[in-house]
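For what it's worth, this note's numbering labels the leading residue of the sequence shown as 13, then goes sequentially. No residue lacks a Cβ here, since even glycine has one placed at the ideal position from N, Cα and C. Source: prediction; values computed, not measured.
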Amino acid sequence: ETMPVIERELGAFGFGPDQDYQAYMFLNSLTQGYYSARIRSLLAKRLESDDPHVAESAASMMGKRGGAEDRTLLEKRLRRWRDTWQGRESSASGNENRLESQLVSALTRATAWKLSSAELESLRQGCLTEMCRASIPKQ
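Below, the structure written as structure tokens:
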């Protein structure tokens, strides 16, 4: 099984901004040709990170390459973000604001599912930031 090797290599990168780019490049290359339940589990852990860079990159890969199961994980993380920042979104950093937008983009541009017009409008209505609203395709 290669997952312990992959997890060990990712652990060597850490989760800091400098190391996350290396982890992103590694995972991005890996998921282009291989996406399994174990990869989903690894990305799900990264999606739950409090570091917006880490969560943002996981969201992007899950939207591009994940299956229908990833939609639920992305929606859950978006709810968590909104619950955390509701009413105080103006104090969120640019990185935090970008995370909301990236989560929404992953949901709206996914390859494994398509959102209905009503779902898109619901996402738009839930946006706390203008960046998020702008990331939702017009119907």
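Under a three-way DSSP split, which group does residue i fall into?
| i | result |
| --- | --- |
| residue 132 | helix |
| residue 118 | helix |
| residue 44 | helix |
| residue 137 | helix |
| residue 61 | coil |
| residue 146 | helix |
| residue 97 | helix |
| residue 105 | coil |
| residue 126 | coil |
Less than 8 Å between C-beta atoms, sequence neighbours within five positions excluded: which residues of the same chain meet that for residue i?
| i | result |
| --- | --- |
| residue 125 | 80 and 83 |
| residue 119 | 75, 83, 86, 87, 90, 127 and 135 |
Using the C-alpha atoms, what's the distance from residue j back to residue i?
| i | j | result |
| --- | --- | --- |
| residue 139 | residue 112 | 8 Å |
| residue 54 | residue 102 | 31 Å |
| residue 77 | residue 136 | 23 Å |
| residue 41 | residue 51 | 12 Å |
| residue 115 | residue 45 | 22 Å |
| residue 100 | residue 141 | 11 Å |
| residue 95 | residue 37 | 30 Å |
| residue 154 | residue 49 | Past the boundaries of the shown model lies residue 154; the chain is included only from 13 to 151, so the question cannot be answered. |
| residue 47 | residue 61 | 20 Å |
| residue 67 | residue 59 | 4 Å |
| residue 57 | residue 121 | 21 Å |
| residue 97 | residue 104 | 7 Å |
Tell me which residue opens and which closes the alpha helix (DSSP H) that residue i is part of.
| i | result |
| --- | --- |
| residue 64 | 64-77 |
Drop a sphere of 10 angstroms on the beta-carbon of residue i, count the other beta-carbons inside from all chains shown, and report buried for 16 or more, exposed for fewer.
| i | result |
| --- | --- |
| residue 194 | Only positions 13 to 151 of the chain appear in the structure, and residue 194 is not among them; the question remains open. |
| residue 108 | buried |
| residue 64 | buried |
| residue 106 | exposed |
Between which residues of its own chain and residue i is the CB-CB distance below 6 Å, once the five residues before and five after are set aside?
| i | result |
| --- | --- |
| residue 117 | 147 |
| residue 30 | Its pLDDT being 49, under 50, residue 30 is placed unreliably by the model, and the measurement read from it follows with that caveat. There are no such residues. |
| residue 90 | 115 |
Using a Cβ-Cβ cut-off of 7 Å (strictly less than) and excluding sequence neighbours within five positions of residue i, which residues of its own chain qualify?
| i | result |
| --- | --- |
| residue 145 | 136 and 139 |
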